[in-house]
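First up is the structure itself, then whatever we jot down about it.
There are 2 protein chains.
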Amino acid sequence: MSDLLRSEPHVISAGLRLLADAAERQAARVTRVDWAPPLAGAADDLVPVLSDPRRTPANALAVQRMFGVRPHLIGVVPARTALDLQPGEFLHAGPPVGWERAAGPLRGALMGAAVFEGLADSPDAAAQLAERGAFALAPCHSRGAVGPMAGVISPSMWLFVLQDPATGRRSYCSLNEGLGKVLRYGAFSPEVLNRLTWMSEVLGPLLAAAVRRHGPVDVATILAQMVQMGDEAHNRNRTGTLMLLRDLLPSMIESGMASGDVARAAAFIGGNDHFFLNLAMPACKLALDAARDIPGSTLVVAMARNGTDFGIQVAGTGDQWFTGPALIPQGLFLGGYGPDDAGPDIGDSAITETAGLGGFAMAAAPAIAALVGGTAAEALATTRRMYEITLAEHPLYRVPALEFRGTPAGIDVTLVARTGILPQINTGMAGKVAGTGQVGAGLVTPPREVFLAALHALARATTSRSGTESG
Amino acid sequence: MSDLLRSEPHVISAGLRLLADAAERQAARVTRVDWAPPLAGAADDLVPVLSDPRRTPANALAVQRMFGVRPHLIGVVPARTALDLQPGEFLHAGPPVGWERAAGPLRGALMGAAVFEGLADSPDAAAQLAERGAFALAPCHSRGAVGPMAGVISPSMWLFVLQDPATGRRSYCSLNEGLGKVLRYGAFSPEVLNRLTWMSEVLGPLLAAAVRRHGPVDVATILAQMVQMGDEAHNRNRTGTLMLLRDLLPSMIESGMASGDVARAAAFIGGNDHFFLNLAMPACKLALDAARDIPGSTLVVAMARNGTDFGIQVAGTGDQWFTGPALIPQGLFLGGYGPDDAGPDIGDSAITETAGLGGFAMAAAPAIAALVGGTAAEALATTRRMYEITLAEHPLYRVPALEFRGTPAGIDVTLVARTGILPQINTGMAGKVAGTGQVGAGLVTPPREVFLAALHALARATTSRSGTESG
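Top to bottom, those sequences are chains A and B. If you want my numbering, it's the position in the first sequence, counting the first as 1, plus 547. If you want my numbering, it's the position in the second sequence, counting the first as 1, plus 547.
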């Protein structure tokens, strides 16, 4: 103690700046440590979860399984065949929700899909049927699928089928329709439905023939290259789309289908920078599904929104959803739209962030930061911040601007709860009124409640287990 | 002076660190200024050139003309038609050179091209003809063309034709053959010649039909996007190639040519990440040609190598070449090749650096830095260093990692001479023995002599002009 008083003081200050500032004003040497208290309400549950001896090995196993998946596109098949989806059955993005609580974009997409399936003559008639409970709704995630924005999948829509060769596990996603007035943003005008018909009658069968002829397409390799080429695979899929086109085109041309159809399909895919999103998403889904159902693991295996609720699922808690109100994204708006037109966060596309892409790979795609009003420096800072709440660095997705460091991958519920840092999600914004379509693009986070709820369930699982062991 | 002695000293140190270090050891406040003396031998010529009143407006005009060009791909045509190239005439990369001083890769390419043209039965027979002076050689640059590596263009080869819509000015470049055993790296085996035949009989006519059907392709827009997507348009043209394929494919498919040929062409282009280099180069050539022949301008309008000499041309000195010995690139080698296998720097492709791409846009393509053994930080540093020797920032080529700052564009002979900083060039490496092909990729600079020679000519032009005025 006498030593301490004789030497120059060196203050180490954690968290609040008040003390550090005061000490510095008295000419003391101060080292500041970035620190924040845990999320309010997390402390009691953090203790049992962090002291659970299963946690570290369970998370290591979860990460290993996630990184072990090599998603390949193996086919393109109608949803009725791939998922045995029946007339009147519809899948949607996010956690479960009924028509009565469904947001505008989801209602719009369901109305359009019902007309597309021939179940109603008009969107209004479809809404009346939905009101009367004529349709069966289930999350895409419950059937091994994912869907961007409203994420509505109906039996006649064609799906990409992805498979992990080592395990045979599969995942599914619809074909991307492009931007603007499209079903997944809740639009249902005749142009939307005509495009869906062309996609079912021409594009789906043509892609199916091309994949058959070409053989499986290694989606992981394309994703790895995208991160080298300015894409983060959520809001920017430009090079991914071009590489897919390059890989499948010779087989499309030689498929025997009419050259006019092939040319239109090539122009449609080439003219839609987001086409590859619908392969990035099921690739991420496939990786994360491999990490499900590992007792004790605190890894987030799904983040998804239905436009009303934001939900997450965790490796250690089975298929249980932890939900809270979806937030409204902040960003830039298309044409004459503004903040009042945007609905709450929607879509399964946050599966990309869950797997280390999207907002987590923002440093690889500074153009996205510019698109939503930020800078390249902020893009770097966002990715760096996500390392604080993730368990690993992705072995394939390497960021040039970070000296090829792997992206932060594998969100840990306890790290989010301890640091208060919420996952950063890049997203499109749908108009809140059914039928509108896309109104912008921006940034959003999950509501903190979902992590508190997940942590509580993990804590209870630990306690009940201790109870069993001692009983 | 008494004031100076009473107050704390503040030393500003330019250049050498010796004084700054000593002052700092005596606890003086030191501000270091990065400074180096001019290139040895440049001082006498710098004075008249820097004091030439024409220089500033001439360089402003040169930059304005360079940035005003919008290169469009308007056609694909055989060299005999496009350039009126006659049997026995060959164009080559770099400044003028005869067979007797030609490097191995250039000799190999000429031998292969002569067999391809039916002028000789074998590469050896072609060499004997060349030895006897049977062929007429001229630089590509002398005919409005550019060629990568050996850059040999013979009458039967098809060329991209680029045009600036505002002025009607044109530039030309051969079609890219891919990597490895290819003519431009000096290889002439049967596989090389068979590929050239297929390119003349199938690929050229197909691309010509596609461009006719599609209409002009805006090459500048593709280049601008490439810089957002990890390409620097010299050693990396991956996304450029994909975007060209996307743009031309619907027209290729609907050209009426056999679907097998279209599929093979799509696979050939898609499988060759460098295909777009041969559009990037003439786009740069077209921009720089617009800046030629401006008296008093010190802007470099061409940097080119023939494997023996490195040559530059300058806006203020007409078509005069300033040459020095080409250096050997430093980098990484393919397969079993090593430093002893590499020949000196070769190719017209340094036209990309001359226009603000390639090594000057390295910050946009950190993967290239990794390819040649460097880091992303070094890539940023390289681009930043090039701002020291350039007149402007390119309005279209914007680097995400530099907060979308334009690339350094427009090399100024006086800035090179004053700072001693040499332009950084990314390049492929050809085997020095004729027939070898590519052996690696790396970094190189021009020899400093070429800038001293250019500066001297600029100085003489100033002096003779003063003489005229006073006489």
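Backbone N, C-alpha and C define an ideal beta-carbon position, used for all residues, glycine too.
**Request:** Take the Cβ of residue 997 of chain A as the centre, count every other Cβ of all protein chains shown within 10 Å, and call the residue buried at 16 or more, exposed below.
**Result:** Flag for residue 997 of chain A reads buried.
**Message:** Since residue 869 of chain A and residue 858 of chain A should fall inside the 8 angstroms C-beta cutoff, what is the C-beta to C-beta distance between them, to a whole number of angstroms?
**Reply:** With 8 angstroms as the limit, residue 869 of chain A and residue 858 of chain A qualify as a contact, their Cβ atoms being about 6 angstroms apart.
**Start-end ranges of the alpha helix (DSSP H) lying completely within the segment 938 to 997 of chain A, minimum 4 residues** = Here the runs fully enclosed are 960 to 966.
**Item:** 6 angstroms Cβ shell around residue 693 of chain B - same chain, five flanking residues per side excluded
**Value:** The residues are 687, 720, 828, 829, 832, 895, 898.
**Prompt:** So is residue 947 of chain A in contact with chain B if we call contact Cβ pairs under 8 angstroms?
**Reply:** Residue 947 of chain A has a beta carbon lying within less than 8 angstroms of a beta carbon in chain B.
**Request:** Please confirm if residue 796 of chain A has its CB atom under 8 angstroms from at least one CB of chain B.
**Result:** At a cut-off of 8 angstroms between beta carbons, residue 796 of chain A contacts chain B.
**Prompt:** Distance, Cα to Cα, residue 943 of chain A vs residue 1000 of chain B?
**Reply:** Approximately 49 angstroms between the Cα atoms of the pair.
**Prompt:** Under a three-way DSSP split, which group does residue 496 of chain A fall into?
**Reply:** Within the shown structure, residues of chain A are numbered from 548 to 1018, placing residue 496 of chain A beyond reach of any answer.
**Request:** Quick one: list the residues of chain B neighbouring residue 813 of chain A, beta-carbon separation under 8 angstroms, in chain order.
**Result:** When 8 angstroms is used as the limit between beta carbons, residue 813 of chain A is near these residues of chain B: 793, 796, 797, 800, in chain order.
**Request:** Pick helix, strand or coil for residue 719 of chain B, following the three-state DSSP scheme.
**Result:** Three-state DSSP puts residue 719 of chain B in a strand.
**Request:** Check each candidate in B/947, B/622, B/993 and name the one with the smallest Cα separation from residue 876 of chain B.
**Result:** The shortest Cα separation from residue 876 of chain B among B/947, B/622, B/993 belongs to B/993.
**Message:** Quick check on this structure: which residue in A/607, A/745, A/702, A/769 has the alpha carbon closest to the alpha carbon of residue 844 of chain A?
**Reply:** Of A/607, A/745, A/702, A/769, the smallest CA-CA separation from residue 844 of chain A is found for A/607.
**Message:** Using beta carbons (cut-off 8 angstroms, strictly below), is residue 785 of chain A in contact with chain B?
**Reply:** Closer than 8 angstroms: yes.
**Prompt:** Alpha carbon to alpha carbon, what distance is there between residue 940 of chain B and residue 991 of chain B?
**Reply:** One C-alpha to the other measures close to 22 angstroms.
**Prompt:** Closest by CA to residue 1005 of chain B, which one among B/699, B/629, B/597?
**Reply:** The alpha carbon of residue 1005 of chain B has as its nearest neighbour, out of B/699, B/629, B/597, the alpha carbon of B/597.
**Prompt:** Which residues does DSSP pair with residue 579 of chain B in a beta bridge?
**Reply:** According to DSSP, residue 579 of chain B bridges with B/560.
**Message:** Rounded to the nearest angstrom, what separates residue 880 of chain A and residue 987 of chain B at their Cα positions?
**Reply:** Roughly 47 angstroms between the two C-alpha positions.
**Request:** Give the interface partners of residue 917 of chain A over in chain B, defined as CB-CB distance under 7 angstroms, in chain order.
**Result:** Counting only Cβ-Cβ distances below 7 angstroms, residue 917 of chain A has contacts in chain B at 951, in chain order.
**Asked** Are there 16 or more other CB atoms within 10 angstroms of the CB of residue 580 of chain A, so buried, or fewer, so exposed?
**Response** Exposed, because fewer than 16 other Cβ atoms sit within 10 Å of the Cβ of residue 580 of chain A.
**Request:** Mind checking which residues open and close the beta strand (DSSP E) that includes residue 856 of chain A?
**Result:** DSSP places residue 856 of chain A inside the beta strand (DSSP E), whose first and last residues are 856 to 861.
**Request:** Anything in chain B within Cβ reach of residue 922 of chain A, meaning under 7 angstroms, just list it in chain order.
**Result:** Below the 7 angstroms Cβ cutoff, chain B contributes 950 as neighbours of residue 922 of chain A, in chain order.
**Prompt:** Helix, strand or coil: how does DSSP classify residue 1017 of chain B here?
**Reply:** Only weak support is given to the placement of residue 1017 of chain B: the predicted model assigns it a pLDDT of 41, under 50, and the value that follows is read from those uncertain coordinates. Annotated three-state conformation of residue 1017 of chain B is helix, per DSSP.
**Request:** Could you check the C-alpha separation between residue 842 of chain A and residue 813 of chain B for me, to the nearest Å?
**Result:** Rounded to whole angstroms, the gap between the alpha carbons of residue 842 of chain A and residue 813 of chain B is 49 angstroms.
**Request:** Could you work out which residues of chain E lie near residue 789 of chain A, taking near to mean beta carbons separated by less than 8 angstroms?
**Result:** This model lacks chain E altogether; the protein chains it does include are A and B.
**Item:** residue 641 of chain A versus A/691, A/737, A/821, A/614, residue with shortest Cα-Cα distance
**Value:** The shortest C-alpha separation from residue 641 of chain A is found at A/691.
**Asked** Expressed to the nearest angstrom, what Euclidean distance is found between the alpha-carbon atoms of residue 553 of chain B and residue 573 of chain B?
**Response** When rounded, the distance between both Cα atoms is 16 angstroms.
**Prompt:** If you check the beta carbons only, do residue 776 of chain A and residue 768 of chain A fall under 8 angstroms apart?
**Reply:** In terms of Cβ geometry, residue 776 of chain A and residue 768 of chain A do not form a close pair [threshold 8 angstroms].
**Request:** Use the C-beta contact count for residue 723 of chain A: other C-beta atoms within 10 angstroms, 16 or more gives buried, fewer gives exposed.
**Result:** The residue is buried, with at least 16 neighbouring Cβ atoms inside 10 Å.
**Request:** With a 10 Å radius around its C-beta and 16 neighbouring C-beta atoms as the bar for buried, classify residue 799 of chain A as buried or exposed.
**Result:** Residue 799 of chain A is classed as buried because its beta carbon has at least 16 other beta carbons within 10 Å across all chains shown.
**Test item: CB-CB of residue 911 of chain A and residue 946 of chain A under 8 angstroms** = Residue 911 of chain A places its beta carbon less than 8 angstroms from that of residue 946 of chain A.
**Asked** So which of B/903, B/704, B/632 has the shortest CA-CA distance to residue 748 of chain B?
**Response** Residue B/704 is the option with its Cα nearest to residue 748 of chain B.
**Prompt:** Unbroken beta strand (DSSP E) runs of length 3 or more, entirely within the segment 837 to 892 of chain B: which are they?
**Reply:** Counting whole runs of 3 or more residues, the segment 837 to 892 of chain B contains the beta strand (DSSP E) stretches 847 to 853, 856 to 861, 869 to 872, 877 to 880.
**Asked** By the criterion of Cβ-Cβ separation under 9 angstroms, what are the contact partners of residue 913 of chain B in chain A?
**Response** Here the neighbours are 775, 947, 948, 950, 951.
**Message:** Restricting to Cα atoms, I'd like to know which of A/1010, A/952, A/891 is closest to residue 981 of chain A.
**Reply:** Comparing alpha carbon positions, the residue from A/1010, A/952, A/891 closest to residue 981 of chain A is A/891.
**Message:** If contact is defined by three or more beta carbon pairs under 8 angstroms, each pair taking one atom from either stretch, is the segment 948 to 960 of chain A in contact with the segment 926 to 940 of chain A?
**Reply:** For the pair of segments examined, the segment 926 to 940 of chain A was found to touch the segment 948 to 960 of chain A: the number of CB pairs separated by less than 8 angstroms reaches three.
**Message:** So, at 6 angstroms on beta carbons, what are the nonlocal neighbours of residue 714 of chain B in its own chain, with the 5 sequence-adjacent residues on each side left out?
**Reply:** Same-chain partners within the cutoff: there are none.
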